[in-house]
Amino acid sequence: QGHYGQLGLGDDANRLLPTCVGAEAVFGGSQVLTADCSYVHTLIVTKAGTVWAFGFGGYGALGHNDYNNWLVPTRIEAQHFGNANIISAAAGPSHSAAVTDEGTLYTWGNASGLGHANQQAE
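465 is the number of the first residue of the sequence shown in our numbering; add one for each residue after it.
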């Protein structure tokens with residue numbers, strides 16, 4: 465289902481067959497290492513250690529410092545991860561998480577799933 469742009473194809477249409485989102489040209493010149501999907505958003509980790517997010521932006525789950533839906537893969541700025549390389553990311557129902565190559569965990573989105581003490585969307 466592409467209702468929120470979570471397919472990364474520039475629109476909110478459903479696709480019934482696998483459709484190429486792209487390769488190096490789409491992801492800053494790097495190959496895709498992993499992809500993780502929730503019902504409403506998608507996270508991509510590249511071999512260069514970058515994270516890309518698209519789909520439903522509610523609760524800030526995309527990490528773009530807004531609540532907008534993003535219809536195409538958009539890089540989450542490296543400074544949000546202390547400029548570290550990301551090796552893994554997971555998309556929850558309304559939150560997201562990423563792990564650096566040094567073992568540091570970052571979470572963002574709906575406060576109920578973040579494990580942060582302040583319980584506010586971040």
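Virtual Cβ for every residue (Gly too), placed ideally from N, Cα, C.
C-alpha distance - residue i paired with residue j, whole-angstrom precision
i	j	result
leucine 497	valine 563	14 Å
tryptophan 572	leucine 481	31 Å
alanine 555	glycine 493	23 Å
proline 537	aspartate 475	12 Å
aspartate 530	tyrosine 523	8 Å
Sheet register partners of residue i (DSSP bridge)
i	result
leucine 471	For leucine 471, which the question treats as bridged, DSSP gives no partner whatsoever.
Close-in-space but distant-in-sequence residues of the same chain around residue i (CB under 8 Å, 5 per side omitted)
i	result
tryptophan 534	Gly469, Ala517, Phe518, Gly519, Gly521, Leu526 and His528
valine 515	Leu507, Ile508, Val509, Gly527, Arg539, Ile540, Phe545, Ile550, Ala553 and Ala562
glutamine 495	Ala487, Glu488, Thr510 and Lys511
The beta strand (DSSP E) enclosing residue i, as first and last residue numbers
i	result
leucine 481	From DSSP, leucine 481 is part of no beta strand (DSSP E); its letter is neither H nor E.
CB-CB length for residue i against residue j, believed under 8 Å
i	j	result
histidine 559	asparagine 547	Not really, about 22 Å apart at Cβ, beyond 8 Å.
Chain-order list of residues whose beta-carbon lies under 7 Å from that of residue i (same chain, five-residue window excluded)
i	result
glycine 472	Val485, Thr506, Phe518, Val536 and Pro537
valine 490	Pro537
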